[in-house]
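Basically the numbering used here = 1-based index in the sequence shown + 254.
We put the CB at the ideal spot given by N, CA and C, even for glycine.
All remarks here apply to the structure that follows.
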Amino acid sequence: MLADKAKLAQLLAQLGINYDVIEHPALHTSLDADAFMVERPGTRLKNLFLRDNEGKNHFLVITAHDKQLDLKTLSKQQGLSRLGFASSERLARYLKVQPGCVSMLALANDKQSKVTLWLDQDIWFNELFHCHPFENTQTWLLTKNDLNIFFKHTGHQPRVMFLPSR
């Protein structure tokens with residue numbers, strides 16, 4: 255079963271988290287968002303759901319929308335077998351969203367804490383972030399403070415780290 259945006263809004267309200275909403279056509283990739291570029295505050299993000307070669311470890315990797323990650327170097331840096339993109343089936347199983355709809359907010363669906371959150375140190379100094387609320391026809395703008403409250407609630411301690419680029 256896929257995630258419910260209304261339940262997410264209710265959770266954020268319970269946590270005292272406010273956010274602004276931007277409505278837009280479906281955006282499946284950061285390149286789609288580039289084509290729909292509008293002036294708006296906040297940091298645009300690229301959200302990658304990765305797994306190790308054995309499929310035992312899963313990672314939600316958040317970086318700048320225009321950064322091209324070097325997954326081979328990142329794998330070596332973290333002492334992991336080859337990192338690759340997780341399947342849409344794994345995405346639905348662990349984060350309960352469809353491809354193109356993943357964001358940090360999907361961690362609310364990882365009740366077993368099976369997904370590790372990696373945040374690019376190059377973006378985490380910013381104060382306002384773009385997040386899809388389980389669907390890609392809206393973007394919710396959340397502050398870093400509010401995201402930290404959210405992470406604490408979900409039990410996901412973000413690992414802010416250097417993410418190598420190509």
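Asked, Found
"My output table needs one value for PHE379: the three-state DSSP class, helix, strand or coil.", "coil"
"Taking 6 angstroms as the cut-off, is the C-beta of ASP306 nearer than that to any heavy atom in the ligand FAD?", "Absence of the ligand FAD is noted for the structure shown, with no ligands found whatsoever."
"Name the DSSP bridge partner or partners of SER341?", "BP columns for SER341 are empty, so no partner."
"Sorted by chain position, which residues of the same chain lie with C-beta nearer than 7 angstroms to GLN375's C-beta, five sequence neighbours on each side aside?", "VAL414, MET415, PHE416"
"Could you pull the start and end residues of the beta strand (DSSP E) that ILE276 belongs to?", "274-277"
"I need the straight-line Cα distance from PHE345 to ARG294, nearest angstrom please.", "Before going on, a small fix: residue 345 reads as Leu here, not Phe. Going from the Cα of LEU345 to the Cα of ARG294 covers about 28 angstroms."
"Can you give me the start and stop residues for the beta strand (DSSP E) that ILE316 sits inside?", "312-318"
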